[in-house]
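Q: I'd like to ask some things about the structure below.
Residue numbers (the working numbering): 70 to 208.
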C-alpha cells in the first residue's frame, strides 16, 4: 500500500483536463464537487458540504466560482426558496467535458469494484477511509 497509494494519487492527478475546461484552472477540490454532482445529480449546497466534509460557506464560494465560469448552475429550491440546488451546467459541451474528465476514473473504479460483493466493496471503502483518518491523526 505504501508504494501503491502515491502512484495511484499521482496517476489520478495526471488525468488530463478536457480542452474546454483547461482555461478554468480547476483544482482537485472542484473535481470532488463535480464528481458529487455528476454521480448524485442536483444537490443542495448544505448536502454538498456534508459530502465534501467542508463548511457550507466553502462550498458556496466554490459554487460561485464555478457558476461564474459556466460550469455549474445554482437555482433556488422550489420546495424551500432559502436553499440553493446546484447542478452541472446544462450546456451540452460543458457537461460533456465534465463527463469526459471524470469518466476514466469512474470506469476504473467500476472495473475493480464490480466483481466484488457488497460486503467486499464496503470493506474497501472502510479501509480507504480508515487510512485517510489515520493519516490525518498523524498530521
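Positions of the beta carbon are idealized from the N, C-alpha and C atoms, including for glycine.
Does the region 83-90 touch the region 163-179, meaning 3 or more C-beta pairs lie closer than 8 Å?
A: yes
Q: Identify whether residue 144 lies in helix, strand or coil by the three-state DSSP scheme.
A: Collapsing the DSSP output to three states places residue 144 in a strand.
Q: Does the beta-carbon distance from residue 128 to residue 117 come in below 7 Å?
A: yes
Q: Using a Cβ-Cβ cut-off of 8 Å (strictly less than) and excluding sequence neighbours within five positions of residue 84, which residues of its own chain qualify?
A: 170, 173, 174
Q: Cβ of residue 142 within 7 Å of Cβ of residue 158?
A: yes
Q: Taking C-alpha atoms, which residue in 163, 155, 200, 70 lies nearest to residue 219?
A: Since the displayed the chain opens at 70 and closes at 208, residue 219 lies outside it and no answer follows.
Q: With burial defined as no fewer than 16 other Cβ atoms inside 10 Å of the residue's Cβ, what is the status of residue 73: buried or exposed?
A: Burial check for residue 73: the Cβ neighbour count within 10 Å stays below 16, so the residue is exposed.
Q: If you measure between the beta carbons of residue 153 and residue 121, is that distance less than 7 Å?
A: no
Q: Measuring CA to CA, which of 187, 104, 81 is closest to residue 164?
A: 104
Q: Should residue 140 be labelled buried (16 or more other beta-carbon atoms within 10 Å of its own) or exposed?
A: buried
Q: Determine the direct distance from the alpha carbon of residue 179 to that of residue 211, and round the result to whole angstroms.
A: Nothing about residue 211 can be reported from this structure: the residues present for the chain run from 70 to 208 only.
Q: I need the straight-line Cα distance from residue 107 to residue 160, nearest angstrom please.
A: 14 Å
Q: Ordered along the chain, which non-local residues of its own chain (more than five positions away) have a Cβ less than 8 Å from that of residue 193?
A: When the five nearest sequence neighbours on each side are left out, the beta carbons in the same chain lying within less than 8 Å of the beta carbon of residue 193 are those of 182, 185, in order along the chain.
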